[in-house]
Structures are given as structure tokens and as C-alpha cells.
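A.B. asks: Shown below is the structure under consideration.
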Amino acid sequence: MESARLAAVYRVLYGTYGPQHWWPGDSPFEVMVGAVLTQNTAWSNVERALARLTERIPLTAEAILALGHEALAEAIRPAGYFNVKARRLRAFCHAFVADGGLTGLSGLDTPTLRERLLAVNGVGPETADDMLLYAFERPVFVVDAYTRRLFARLGLLAGDEGYETIRHAFERALGADTALFNEYHALIVRHAKAACRTRPRCAGCCLNAHCPAAS
DNA sequence: TACCAGGAGAAAA
DNA sequence: TTTTCTCATGGT
89 MESARLAAVY RVLYGTYGPQ HWWPGDSPFE VMVGAVLTQN TAWSNVERAL
139 ARLTERIPLT AEAILALGHE ALAEAIRPAG YFNVKARRLR AFCHAFVADG
189 GLTGLSGLDT PTLRERLLAV NGVGPETADD MLLYAFERPV FVVDAYTRRL
239 FARLGLLAGD EGYETIRHAF ERALGADTAL FNEYHALIVR HAKAACRTRP
289 RCAGCCLNAH CPAAS
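Mapped onto this note's numbering, the consecutive letters of the first sequence carry residue numbers 89 to 303.
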């Protein structure tokens, strides 16, 4: 992975879309809840689910656990996979409380914190890295389907590399820079929402799943 | 109508 | 070990 090319892609995205001010959450804990709810789901649906949840309870791990599975699943229904996500949220809240909450987790070094998050059922690599970057402000690059698709189309990735391989490649090339990782990932997602609609002649670097220029 | 969205884990091959 | 299946609502 060439640092210069990664920097060039970043400059183009930033020049096109500007700063994204991610993550859209009022607190680190809300960011973490959002990270679970957004798994394979559009953010607009997550916002509905968060709104319904905060209408019912204050957004704390204790309150979520006290709500119970059925009521939690009903509250987050708009985010889809509501039974699965209710189970995952409760598992995360149990671990969050057991580890001393935000204060306890913030005291851990990044590799240990990442391991702790990944040990929770329902928290995979991308969700853990969303939490690390946007809730704990650790220099961890988030690799999602958009990242893989964009850089494969640009010829910088084969596309079938493992998650860790890609993450380490970005982190090596860009250096440990939390602010840059924050903005870069947000810009990739922003680009995915614009894609071909703003480019009559797509160069193949858009993120539309069925773009003819990308096949 | 069909496809896709800011994945993860279990089951099957 | 790798691939496939399941979970589900809402927008386009």
C-alpha cells in the first residue's frame, strides 16, 4: 500500500466532500451502541432505533440491561435484525459494566482494549474498530465493505485480503493518526452515498454495487 | 419487484 | 478450514 496514493485519494475525497464531523453520537457510549445497531444496516434506520430507545430509557448500559430482551428488541426494531442486535447489545452492556464502564475501558492500552471488545459476542473486527476510533479516539483504521470495494476498484487492493491485512496496510502507510483515520473512513462512506449519481462518466472508483464501470 | 445497507456468528461443506 | 446461511427493516 503506497502512502502517496492513499494520501492522494484522501485529498480528492476531502476536496470533494469536506469534513464529515463523525461519529454522529452524543456520547462515547451512544457511539458504541450505534456501532452495533449499524451492522449491515443504513444509518437512517439506526437513527430511528436510537430515537425510539432514548424515548424509553436513558442511554446507559444499566438501563439497557434493565429493559429486558423483548422490550429492547421492540425499541430497536427499525434497525433490522432486532432480535440479533438486542442479544448483541445486551452482551456488550454486560461486558461494558463488568469492565468498569468507560473509565475502566479507557485505562486499557489499545491492543488490550481491542481484544476485550472482540471477546464480546456480536462485536467483530469492524464494530470493535468503530468503537476504538470513534468512541475511544484510538488510531485504528476501520475497514468496511466500502473501503474494500473502493480500493479494489482503484487497483490498490486485490479485494480478497483479510480484514487485519488491510487494516495494518492502511495503518502502516498513513501512520497512527486518529484524526486522519476518523475523517478518511467518514469520507469513504460519504463517497458511497454520492457515487455515480454525481458522475455521469464514472471512472470505476465509485462505490455503487452495480456500477458497470467497476465490473 | 428486487436489491442494498457503515456485519457477525453459526452451520454446513 | 472455507463457504454458505441466517438475521429483518426501510429506502431506492
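The beta-carbon is built from N, C-alpha and C at its ideal position, and this holds for glycine as well.
Using the three-state DSSP reduction, which class does ASP248 fall into: helix, strand or coil?
C.D. replies: Position 160 of the first sequence, counting from 1, holds the residue named residue 248. Note: ASP248 maps to coil in three-state DSSP.
A.B. asks: Hey, how far is the Cα of ILE254 from the Cα of ALA96?
C.D. replies: Translated into the one-based positions of the first sequence, residue 254 becomes position 166. Translated into the one-based positions of the first sequence, residue 96 becomes position 8. ILE254 and ALA96: Cα-Cα distance of roughly 18 Å.
A.B. asks: Which two residues bound the contiguous alpha helix (DSSP H) that contains ASN171?
C.D. replies: Counting from 1 along the first sequence, the entry for residue 171 is found at position 83. Where ASN171 is concerned, the enclosing alpha helix (DSSP H) stretches over 170 to 186.
A.B. asks: Should LYS173 go down as buried or exposed, given a rule of 16 or more other Cβ atoms within 10 Å for buried?
C.D. replies: The count along the first sequence starts at 1 and reaches residue 173 at position 85. LYS173 is buried by the Cβ-count criterion.
A.B. asks: So is THR198 buried or exposed if we call it buried at 16+ other beta carbons inside 10 Å?
C.D. replies: By 1-based counting over the first sequence, the position of residue 198 is 110. THR198 comes out exposed.
A.B. asks: With distances taken from CA atoms, which of GLU225, LEU160 and GLU271 is nearest ARG140?
C.D. replies: Position 52 of the first sequence, counted from the start, is the residue given in the question as residue 140. Here the closest residue by C-alpha is LEU160.
A.B. asks: Taking the CB atoms as reference points, tell me whether ALA186 and VAL119 lie closer together than 7 Å.
C.D. replies: Counting from one through the first sequence, the residue named residue 186 turns up at place 98. Counting from one through the first sequence, the residue named residue 119 turns up at place 31. Not a contact, by the Cβ cut-off of 7 Å.
A.B. asks: By how many angstroms is the C-alpha of ARG165 removed from the C-alpha of GLY122?
C.D. replies: Looking up residue 122 in the first sequence gives position 34. Looking up residue 165 in the first sequence gives position 77. For GLY122 and ARG165, the distance between alpha carbons rounds to 14 Å.
A.B. asks: Take the Cβ of GLU47 as the centre, count every other Cβ of all protein chains shown within 10 Å, and call the residue buried at 16 or more, exposed below.
C.D. replies: The requested residue 47 does not occur in the structure, where the chain is confined to residues 89 to 303.
A.B. asks: Short check: CB of ASP232 to CB of GLU214, under 7 Å?
C.D. replies: As a first step, residue 232 must be located in the first sequence, where it is residue number 144. As a first step, residue 214 must be located in the first sequence, where it is residue number 126. Their beta carbons are under 7 Å apart, which means ASP232 touches GLU214 by this criterion.
A.B. asks: Going along the chain, which residues of its own chain have a beta-carbon closer than 6 Å to the beta-carbon of TYR98, five neighbours each way excluded?
C.D. replies: Counted from its first residue, the first sequence places residue 98 at position 10. TYR272, listed in sequence order.
A.B. asks: Going by C-alpha distance, which of ARG175, MET219, GLU143 and GLY212 is nearest GLU158?
C.D. replies: Here residue 158 refers to the residue found at position 70 of the first sequence. Nearest C-alpha to GLU158: ARG175.
A.B. asks: Look up GLU225 in the DSSP assignment and say whether it is helix, strand or coil.
C.D. replies: For the purposes of this step, residue 225 is taken as residue 137 along the first sequence, with counting starting at 1. Here GLU225 sits in coil by DSSP.
A.B. asks: Which one of LEU275, VAL228 and VAL134 has the shortest CA to CA distance from ALA257?
C.D. replies: As a working mapping, residue 257 is identified with position 169 in the first sequence. Ranking LEU275, VAL228 and VAL134 by Cα distance to ALA257 puts VAL228 first.
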